[in-house]
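See below for the structure under consideration.
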Amino acid sequence: MEPFGSSETHSRVAILFSGGLDCTILARLSHDLLPATEPIDLLNVAFENPRIHSKLETGVSPYDLCPDRLTGRASYAELVQTCPNRIWRFVEINVPYPETLAHREKLIKLIHPHNTEMDLSIAYALYFAASRAGLAVIELDSSLQPYTTTAHVLLSGLGADELFGGYQRHALAFSRRGYPGLIDELALDFHRLGKRNLGRDDRVISDSGREVRFPYLDEDFIALALELPVWAKCDFGNAQEDGSEDPARFLEPGKRILRRMAWELGMKRVAQEKKRAIQFGARTAKMETGRSKGTQLLS
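Heads up: the sequence shown at position 152 corresponds to 151 in numbering that gives the first Met the number 0, and the numbers run straight through without jumps.
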C-alpha cells in the first residue's frame, strides 16, 4: 500500500469521527461545502481494552463492540442515506493493546505538561486516528479494504460541548443555580479550552504530519454562539418530553440547538445521540485493572 493510500480519488478532508452529534454535523456541513466529486474520510478508532475484552468469546472482535464503532457505523449509514451522491469512506482504525502500550512513553512526552490518565486516554484516540492505517468501507455492505487517509487536514468537533452545554456538569450547574449557574459553568469551560485541550490535541495529531482544525472554534462562529441566549443553546429549563412530537421538546436539553440542526438536516438518529466522552467511546479509558481515575497523575 502506498504511504497515503492508492485510491484513484484522494480525500483532502477527513473527520475525526466517533459518530456522535458534533462530528457528524461537521461531516454533513462538509458535504455542503465540498465538490460532490471529492470523497470525505470518516476516521473511526477503536481499541482493544483487556479490562473489558479479556472475557470475549473466541472469534468475537473487541473492536466491533466499542461504543464509538457501533455509533460510527450507524451515523455513517445515515450520512450515506442523507447524502447519497457523496463518496463517504468509513475508515475503521483498530488498535491492539500491545501497540497502545508501545506508544505510551511517546504520548506522555507529546502531551506534556498535561499529565493525567484522562489526558493520556484522549491522546491515544487522537494519535492513532491521525497516524494509523485502517480498513475502509466505500459503500454500505461492501468489503473492507486497507486504506490510509490521503487527507492532511483533520476536522475535530472540539468546542461544541463547551459552547452549547454538552457535559453532564452543565446540567448539574443548572439544577443547582439555574441559568446563572449554567452561564458561569459554560464560561469557565470556554475560557480554559486553550489550556486544557488545544495544545495537547494539536501536538498529538501534528506528530503524524497532519493538521487539525476546529470549526466550532472559528472566531465568527464563537462570536455568534456567545451572543445567543443560553436557553437557545441548551434549554435545561424545558425538560425532555419523550411523548412530544416537537423536536424542541423531545430532544435532550444539552446542545439542543445542535440537535435541532441535525434533525432539520435529515439526521434524526444523530440528533438523538447521547453524549459520550472519546476515551469511553473508543475504550482507551481504564485499560488496567484497579480503580484509577481520569484525574490521577501519570506515573
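Glycine is no exception: its CB is placed at the ideal position from the N, C-alpha and C atoms.
- Boundaries of the beta strand (DSSP E) harbouring A135: G133 to V136, taken from the DSSP string.
- Taking 8 Å as the cut-off, the Cβ atoms of R191 and H113 do not count as close.
- Three or more Cβ pairs closer than 8 Å define a contact, and the stretch 101-120 falls short of that threshold against the stretch 10-28.
- In the three-state reduction of the DSSP assignment, R11 falls in the coil class.
- Beta-bridge pairing by DSSP links N93 to A45.
- By the criterion of a C-beta distance shorter than 8 Å, I39 is surrounded in its chain by S10, V12, A13, I14, A26, S29, H30, L33, R85, I86, W87 and R88, once the five residues flanking it on both sides are discounted.
- Positions of the alpha helix (DSSP H) runs, each at least 4 residues long and wholly inside the stretch 202-256, are given as 218-226, 229-232 and 246-249 in order along the chain.
- According to the DSSP assignment, V152 belongs to no alpha helix (DSSP H) but to the beta strand (DSSP E) extending over V152 to L154.
- Of the residues assessed, L225 falls on the exposed side of the cut-off, its CB having fewer than 16 other CB atoms within 10 angstroms.
- With a beta-carbon spacing of about 3 Å, D21 and G156 fall inside the 8 Å limit used to define contacts.
- Excluding five sequence positions before and after Y215, the CB atoms of its chain that fall closer than 6 Å to its own CB belong to G158 and A159, given in chain order.
- Cα atoms of L125 and N43: separation of roughly 10 Å, rounded to the nearest angstrom.
- The C-alpha of T283 is placed about 7 Å away from the C-alpha of Y123.
- Taking a C-beta distance under 8 Å as the contact criterion, K254 and G164 qualify as a contact pair.
- In the three-state DSSP reduction, R50 falls in the helix class (H, G or I).
- In the DSSP assignment, Y123 falls within the alpha helix (DSSP H) that extends over E116 to S130.
- If you draw a 10 Å sphere on the C-beta of L109, you find 16 or more other C-beta atoms in it, and that means buried.
- Contact between the stretch 234-241 and the stretch 164-179 is present: three or more C-beta pairs spanning the two stretches fall below 8 Å.
- Taken through DSSP and simplified to helix, strand or coil, I24 comes out as helix.
- In this structure, DSSP gives P66 a helical state, which the three-state scheme calls helix.
- Close CB contacts of H151 within its chain, under the 8 Å cut and outside five residues either way in sequence, are with R11, G208, R209 and E210 (chain order).
- Of all alpha-carbon atoms in S60, D206 and A73, the one lying nearest the alpha-carbon of G19 is that of A73.
- Within 10 angstroms of the beta-carbon of S60 lie fewer than 16 other beta-carbons, which makes it exposed.
- In the assembly as shown, L223 is an exposed residue. Its beta-carbon has fewer than 16 other beta-carbons within 10 Å.
- For Q144, the enclosing beta strand (DSSP E) has its first and last residue at Q144 to Y146.
- In the structure shown, the three-state DSSP call for I107 is helix.
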